[in-house]
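**Q** Using the working numbering, read the sequence shown as starting at 1 and increasing by one per residue. Backbone N, C-alpha and C define an ideal beta-carbon position, used for all residues, glycine too. Quick one: this structure, given as structure tokens, is what I'll be asking you about.
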Amino acid sequence: MNFNDCVLECCKTPELIKEYDRLQGSNLSKVLIPQPDTRPLIVRMIDDATSYDKVRTNLDEQAHKEMQEFIGFIFDCVWIPLLFSATNNT
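Right, dumping it as structure tokens:
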């Protein structure tokens with residue numbers, strides 16, 4: 001396993017993402033965990049036809065920043081302990 005694999009596994013773990021959000025005051029779970037689309041059908045159709053998604057556009061910059069912070073968290077709190085335990089077990 002390499003660090004990229006570790007990040008991908010962590011991104012697939014909703015419990016870890018939700019706890020990270022709780023501890024860091026982040027909203028990363030709204031980006032990484034699929035949310036139901038509650039917009040009316042006609043609004044979704046118009047947005048899809050015009051490629052307009054105001055919510056997504058506003059989230060992109062913040063989500064990018066939070067994702068960078070989450071990767072740092074994974075490195076410090078998941079990857080380094082994994083490496084340490086692997087070297088101690090050999």
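Straight-line CA distance for T13 to S26?
**A** Cα to Cα, the separation comes out at about 16 Å.
**Q** Count the other CB atoms within 10 Å of the CB of F84; is the residue buried (16 or more) or exposed (fewer)?
**A** That one is exposed.
**Q** Tell me whether Y20 is buried or exposed, calling it buried when 16 or more other Cβ atoms sit within 10 Å of its Cβ.
**A** Result: buried.
**Q** Tell me the DSSP secondary structure of T38 in three-state form.
**A** In the structure shown, T38 sits in coil (DSSP, three-state: anything other than H, G, I, E or B).
**Q** Following the continuous alpha helix (DSSP H) through S29, name the residue where it begins and the one where it ends.
**A** Its alpha helix (DSSP H) spans residues S29 to L32.
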